[in-house]
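Numbering (the numbering used here), first residue to last: -9 to 263.
For each residue, glycine too, the CB sits at the ideal point set by N, CA and C.
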Amino acid sequence: MRFTNGSGTAEIRFALRRWVVFGFSALALLSVGPCAQADNLVQNGSFEDTTLTNSGLFVSTASLPNAGTAVASVETDWTVNCFATTLGFCTASSPVLTVVFPGTGPTNYGYLGNALYGPMPATSPDGGNFVAADGDPMYNAAISQTITGLTPGGSYTLTFYQAAAQQVGLTGPTTEMFEVTFGTQTTNSTLMNNPSEGFTNWTLQTMTFTATSANQVLTFLSIGTPGGEPPLALLDGIDLEGTTQTTPEPSSLALLGAGVLGIWAVRRRQKRT
């Protein structure tokens, strides 16, 4: 449709100019990268990939302090560092950190064939295998993994499930938690207070860390009281993700600026009209 009227032609031109400006502005906004969510940076965070075939040993094959050399199977992608001060622990025949297979927790969690007090679920909310770690300072060990591909200065969110258990045959209240270290930062999980012969159900833990280098070690150390019970902390479903903001191209910034100026000019002209 064509206007012979001068004012009608001016209105069409004005409308076209306005839509062109809005179109460029929209393109500029779309060209600015959104937040990019990374995948889980932890390998085998659910402990499903293992050389074991049932609930049992989980110790390092490296030489361990005060314990000689362990010869048991090693959990895939994870390393165990033993801090036991008692000779004979953290060995193949007496591990303090074990893998528990679904359905076997109440009867055998691999620690010298001992059972756990219940009632406790067959597995964690993550499903499948989980880890049981002795928190007694005389016997405990840390599980760790080197995380690569980090962005220094970037923020990373760690989530995992924890629970608390006790060994059948021992009595008395206990406390359990995980000391989590990522690079140079250390944070404690929620302290669990377990009654005598009790079980504290699974809860989701969330922590935030800032990376200081491209490669950092993620470590979980079970901390419990009192010694000799033993206080056992359970671990599963470890997930580490980072959120990064995509940096816009210089041309996108220029286009965005032009769009903003165009919108300002159109609105100013509307006011004058």
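(request) With T266 as the anchor, note down where its beta strand (DSSP E) starts and where it stops. (result) It is not possible to answer for residue 266, since the shown part of the chain is limited to -9 through 263.
(message) Measuring straight from C-alpha to C-alpha, what distance separates T281 and T66?
(response) Nothing can be reported for residue 281: it is not among the residues displayed for the chain, which extend from -9 to 263.
(message) For G217, which residues in the same chain have their Cβ closer than 7 angstroms to its Cβ, ignoring the five residues on either side in sequence?
(response) Along the sequence shown, read from residue 1 onward, the residue named residue 217 stands at position 227. The answer, listed in chain order, is D126, P127, M128.
(message) Just to confirm, is the Cβ distance from V170 to T176 under 8 angstroms?
(response) Translated into the one-based positions of the sequence shown, residue 170 becomes position 180. Translated into the one-based positions of the sequence shown, residue 176 becomes position 186. Yes, they are a contact pair.
(message) Mapping the DSSP letters down to three states, classify V158 as helix, strand or coil.
(response) By one-based count along the sequence shown, residue 158 stands at place 168. V158: coil per DSSP, three-state reduction.
(message) Tell me the rounded alpha-carbon separation between A105 and W192.
(response) For the purposes of this step, residue 105 is taken as residue 115 along the sequence shown, with counting starting at 1. For the purposes of this step, residue 192 is taken as residue 202 along the sequence shown, with counting starting at 1. Approximately 18 angstroms, taken between the alpha carbons.
(request) Could you check which residue in E38, T138, D29, L87 has the C-alpha nearest to that of A201? (result) Against the sequence shown, residue 201 aligns to sequence position 211. The residue with the shortest Cα to Cα distance from A201 is T138.
(request) Following the continuous beta strand (DSSP E) through F91, name the residue where it begins and the one where it ends. (result) Position 101 of the sequence shown holds residue 91. Looking at the DSSP string, F91 is not in any beta strand (DSSP E), and its letter there is neither H nor E.
(message) What does the alpha-carbon distance come out to for the pair Q206 and M110?
(response) Here residue 206 refers to the residue found at position 216 when the sequence shown is read from its first residue. Here residue 110 refers to the residue found at position 120 when the sequence shown is read from its first residue. In this structure, the alpha-carbon of Q206 lies about 34 angstroms from that of M110.
(request) Could you tell me the boundaries of the beta strand (DSSP E) in which T171 lies? (result) Walking along the sequence shown from the start, residue 171 turns up at place 181. From DSSP, the beta strand (DSSP E) with T171 extends over 164 to 172.
(request) Identify the continuous beta strand (DSSP E) that holds S134 and give its terminal residues. (result) By one-based count along the sequence shown, residue 134 stands at place 144. From DSSP, the beta strand (DSSP E) with S134 extends over 131 to 137.
(request) Confirm, please, whether the CB-CB distance from Q33 to Q152 is below 8 angstroms. (result) To locate residue 152, count along the sequence shown from 1; it is residue 162. To locate residue 33, count along the sequence shown from 1; it is residue 43. Against a cut-off of 8 angstroms, the Cβ pair of Q33 and Q152 comes out as no contact.
(request) Could you tell me which of G108, G143, T88, I133 sits nearest to N119, measuring between CA atoms? (result) In the sequence shown, residue 119 corresponds to position 129, counting from 1. Closest option to N119, Cα to Cα, is T88.
(request) Using the Cα positions of F91 and V121, report the straight-line distance between them to the nearest angstrom. (result) Against the sequence shown, residue 91 aligns to sequence position 101. Against the sequence shown, residue 121 aligns to sequence position 131. Distance between the alpha carbons of F91 and V121 is about 9 angstroms.
(request) Have a look at T97 and D29 and give me their C-alpha separation to the nearest angstrom. (result) Within the sequence shown, numbered from 1, the residue matching residue 97 stands at position 107. Within the sequence shown, numbered from 1, the residue matching residue 29 stands at position 39. Model confidence at T97 stands at a pLDDT of 47, short of 50, so the residue's coordinates are unreliable; what they give is reported in the following sentence. Each residue's Cα considered, the two are about 35 angstroms apart.
(request) Decide if E219 is buried, meaning its Cβ has at least 16 other Cβ atoms within 10 Å, or exposed. (result) Start at 1 with the first residue of the sequence shown, and residue 219 comes out as number 229. By the neighbour-count rule (16 or more Cβ atoms within 10 Å), E219 is buried.
(request) With a threshold of 16 other CB atoms inside 10 Å of the CB of T190, please say whether the residue is buried or exposed. (result) Counting from one through the sequence shown, the residue named residue 190 turns up at place 200. Label assigned to T190: buried.
(request) Please name the residue or residues paired with E231 in a DSSP beta bridge. (result) Position 241 of the sequence shown, counted from the first residue, corresponds to residue 231. Paired residue(s): T147.
(request) With DSSP collapsed to three states, give me the class of T69. (result) Mapped onto the sequence shown, residue 69 falls at position 79. In the structure shown, T69 falls within a strand segment according to DSSP collapsed to helix, strand and coil.
(message) Can you check which of these residues, F172, T149, M182, is closest to P142 by C-alpha distance?
(response) Within the sequence shown, the letter at position 152 stands for residue 142. The residue with the shortest Cα to Cα distance from P142 is F172.
(request) Go to G214, then tell me how far its beta strand (DSSP E) extends in each direction, as first and last residue. (result) Along the sequence shown, one-based indexing puts residue 214 at 224. 206 to 215 is the span of the beta strand (DSSP E), which, as asked, contains G214.
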